[in-house]
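Q: Once you've had a glance at the structure underneath, I'll fire off some questions.
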Amino acid sequence: MEEPGPPSAQTTRSVFHEGVTPWMRSARVQAQNDAQRASGGDGIHQLPAPILVKDAYKEDLQHTEHARKLELEQEEARIVDQIEEQRFKHCRMYFIVGCFGLPLLLFVNVIHFCEDFNAESGSFRIRTYLWLSVIVGLLQSFLWILWFTAFRIVDSITFDLLSIYNSTVPFGYLV
Numbered sequence: 323m324e325e326p327g328p329p330s331a332q333t334t335r336s337v338f339h340e341g342v343t344p345w346m347r348s349a350r351v352q353a354q355n356d357a358q359r360a361s362g363g364d365g366i367h368q369l370p371a372p373i374l375v376k377d378a379y380k381e382d383l384q385h386t387e388h389a390r391k392l393e394l395e396q397e398e399a400r401i402v403d404q405i406e407e408q409r410f411k412h413c414r415m416y417f418i419v420g421c422f423g424l425p426l427l428l429f430v431n432v433i434h435f436c437e438d439f440n441a442e443s444g445s446f447r448i449r450t451y452l453w454l455s456v457i458v459g460l461l462q463s464f465l466w467i468l469w470f471t472a473f474r475i476v477d478s479i480t481f482d483l484l485s486i487y488n489s490t491v492p493f494g495y496l497v
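Okay, here's the thing in structure tokens:
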């Protein structure tokens, strides 16, 4: 059996690469992880092989990397949820304001959120408001066209009394 000699003259690598600490290093490479014989004063005793620090460090590193990845995924999911909620609030606000006789704002709402309208991953709530925006916008556009046709273009004897009304002030006189 070889006697342990001084540390090898090779360039020293990290403990985690070698699997043994520097003071356990000998002239021969420790290739096996089995019990080693050592002689003492009373006789030969079986000593267990050194615990490979490399494996313990690797498991700990994998555990911390996995925990960090989970934290990052949860953070990303939280940020995406906040963004989706903010986009939903904007879409709903545009719809509500557009319902007060502004069909152009409803169409802008549909154009602005069109990626949610087409994408399967888009929010169902936003898609619902976009469909409502299309329907209400078309209905309001039709009513505005009817309004201007009746009160602006067709100016006959039947509408003589109504011609004093303005399209911006539908009821009453301008003062």
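So the number in our numbering is just where the residue sits in the sequence shown, counting from 1, plus 322. Beta carbons: idealized from backbone N, C-alpha and C, even for Gly.
1) Beta carbon of residue 432, beta carbon of residue 452: below 7 Å?
2) How should residue 413 be labelled, buried or exposed, when 16 other C-beta atoms within 10 angstroms of its C-beta is the threshold for buried?
3) Does residue 461 pass the burial test, meaning 16 or more other C-beta atoms within 10 Å, or should it be called exposed?
4) Measure the CB-CB distance between residue 418 and residue 435 and report whether it falls below 7 Å.
5) What is the rounded straight-line gap between the Cα of residue 498 and the Cα of residue 445?
6) DSSP three-state call for residue 395: helix, strand or coil?
7) Is it right to say residue 420 is buried, meaning 16 or more other beta carbons lie within 10 angstroms of its own, or is it exposed?
8) Look at residue 425 and residue 455 and say whether their C-beta atoms are less than 7 Å apart.
A: Put simply:
1) yes
2) Residue burial is scored here from C-beta neighbours: residue 413 has at least 16 other C-beta atoms within 10 angstroms and is therefore classed as buried.
3) exposed
4) Using a Cβ distance threshold of 7 Å, residue 418 and residue 435 do not count as a contacting pair.
5) The shown model of the chain, from 323 to 497, leaves out residue 498, and the question about it has no answer.
6) In the structure shown, residue 395 sits in a helix (DSSP, three-state: H, G or I).
7) buried
8) Contact: no.
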